[in-house]
Amino acid sequence: MRILIADDHPMLREGVSAVIEMQPDMAIVGEARDGEEAIERFEALRPDVTLMDLRMPGTSGVTAIEAIRKSHPEARIIVLTTFTGDAQALHALRAGAAGYLLKSSLRRDLLDAIRSVHSGRRHLQPEIAADIAFHAIDDPLSPREIEILQLIANGNANKEIGRTLQLSEDTIKSHIKNIFAKLYVSDRTHAVTVAARRGIIDL
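Encoded structure:
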């Protein structure tokens with residue numbers, strides 16, 4: 001199995017490479033430091049499995065996954081991430097990832113994930129799958145609601161948010177009420193905490 005790894009942290013790339021190179025049926029054929037380089041390296045190397053970080057400078061992992069899968073629908077990509085949130089996982093899976101693996105569990109699950117995805121199956125850790133299932137019937141936040149919630153997380157008051165988005169303060173309050181209902185929270189701080197944990201917004 002020919003494997004490409006894309007991650008902006010050299011130590012993680014080295015650690016993953018060390019584990020993989022000990023396997024007689026696996027070999028690292030290339031490395032990338034960001035999403036743009038991952039796309040270029042994939043085109044040049046055509047690996048069997050690509051390991052992709054989500055958060056990298058410039059082009060994100062999700063954008064790279066979308067680009068690779070658009071040109072090569074057969075590409076098999078596993079996300080490596082520190083983010084446990086269901087929203088992040090769903091975003092990556094919808095982009096075309098076949099696996100979603102937490103970096104904290106690489107020693108335990110990496111090799112099984114690679115073999116599983118290489119054979120054509122999906123690989124989701126139980127805790128991620130359970131989180132996705134738990135929120136499956138939730139009413140999702142709209143793009144506008146996510147935008148407002150991100151501005152709240154950045155410390156903006158309602159009046160500032162309204163000015164930024166060119167909306168009335170009453171409209172902002174109405175959106176915030178909907179956000180609270182969808183996230184099952186009763187205040188701004190809790191809304192931001194829940195949304196960040198689920199990967200809906202960035203802190």
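Under the UniProt record's numbering, the first residue of the sequence shown is numbered 1, with each subsequent residue one higher. Note that beta-carbon positions come from the ideal geometry of N, C-alpha and C, so glycine has one too. Just so we're clear, the structure is a prediction, and the values are computed from it rather than from any experiment.
1. By the 10 Å Cβ neighbour count, where 16 or more other Cβ atoms means buried, how is T82 classified, buried or exposed?
2. What first and last residue would you give for the alpha helix (DSSP H) that runs through A32?
3. Considering only the alpha carbon of each residue, which of Q23, E14, D7, L12 lies closest to M1?
4. What does T81 pair with, by DSSP beta-bridge criteria?
5. Which partner residues of R2 appear in the DSSP bridge assignment?
6. For a quick check, are the C-beta atoms of S60 and G35 less than 9 Å apart?
7. Please state the DSSP three-state secondary structure of V117.
8. Three Cβ pairs or more, each shorter than 8 Å: is that satisfied between the segment 110 to 119 and the segment 45 to 60?
9. Below 9 Å between beta carbons: does that hold for I77 and G99?
10. On the CB-based measure, 16 or more other CB atoms within 10 Å of its CB, does D131 come out buried or exposed?
11. Following a CB-centred definition, is N156 positioned closer than 8 Å to any heavy atom of the ligand MG?
12. I believe L110 touches V79 by the beta-carbon criterion, under 8 Å. Please report the beta-carbon distance rounded to the nearest angstrom.
13. Out of T164, V16, L106, which one is the CA nearest neighbour of L124?
14. Among residues of its own chain, excluding the 5 on either side of R41, which ones have a beta-carbon nearer than 7 Å to its beta-carbon?
15. Determine whether the beta carbon atoms of R55 and D8 lie at a separation below 9 Å.
16. Would you mind sorting I137 into buried or exposed? The rule is 16 or more other CB atoms within 10 Å of its CB.
17. Looking at C-beta atoms only, is the number of pairs between the segment 62 to 73 and the segment 182 to 191 that lie closer than 8 Å three or more?
18. With the cut-off set at 9 Å, would you say K159 and E145 are in Cβ contact?
19. Thinking C-alpha only, which one of T164, N154, L165 is nearest L203?
20. Is DSSP giving T50 helix, strand or coil here?
21. Between the beta-carbon of R28 and the beta-carbon of E37, is there less than 9 Å?
22. Would you tell me roughly how many angstroms separate the C-alpha atoms of K177 and E14, rounded to the nearest one?
In this structure, then:
1. With fewer than 16 other Cβ atoms within 10 Å, it is exposed.
2. In the DSSP annotation of this structure, A32 is not part of any alpha helix (DSSP H); the continuous beta strand (DSSP E) holding it starts and ends at 27 to 32.
3. Of the candidates Q23, E14, D7, L12, the residue whose Cα lies closest to the Cα of M1 is Q23.
4. Partner(s): L102.
5. Per DSSP, A27.
6. Yes, Cβ-Cβ distance for S60 and G35 is below 9 Å.
7. V117: helix per DSSP, three-state reduction.
8. Touching, yes.
9. Against a cut-off of 9 Å, the Cβ pair of G99 and I77 comes out as a contact.
10. So D131 counts as buried.
11. Of ligands this structure carries none, so the ligand MG is not represented either.
12. Rounded, the Cβ-Cβ distance is 12 Å, inconsistent with contact.
13. That would be L106, whose Cα lies nearest to the Cα of L124.
14. The answer, listed in chain order, is L4, G30, A32.
15. The answer is yes: Cβ separation under 9 Å.
16. Around the beta carbon of I137, a 10 Å sphere encloses fewer than 16 other beta carbons of the protein chains shown; the residue is thus reported as exposed.
17. With the cut-off at 8 Å, the segment 62 to 73 and the segment 182 to 191 do not touch.
18. Result no, Cβ atoms of K159 and E145 do not sit closer than 9 Å.
19. The residue with the shortest Cα to Cα distance from L203 is N154.
20. Correct three-state label for T50: strand.
21. Note that residue 28 is Ile in the sequence shown, not Arg. No, the Cβ-Cβ distance between I28 and E37 is not below 9 Å.
22. Going from the Cα of K177 to the Cα of E14 covers about 47 Å.
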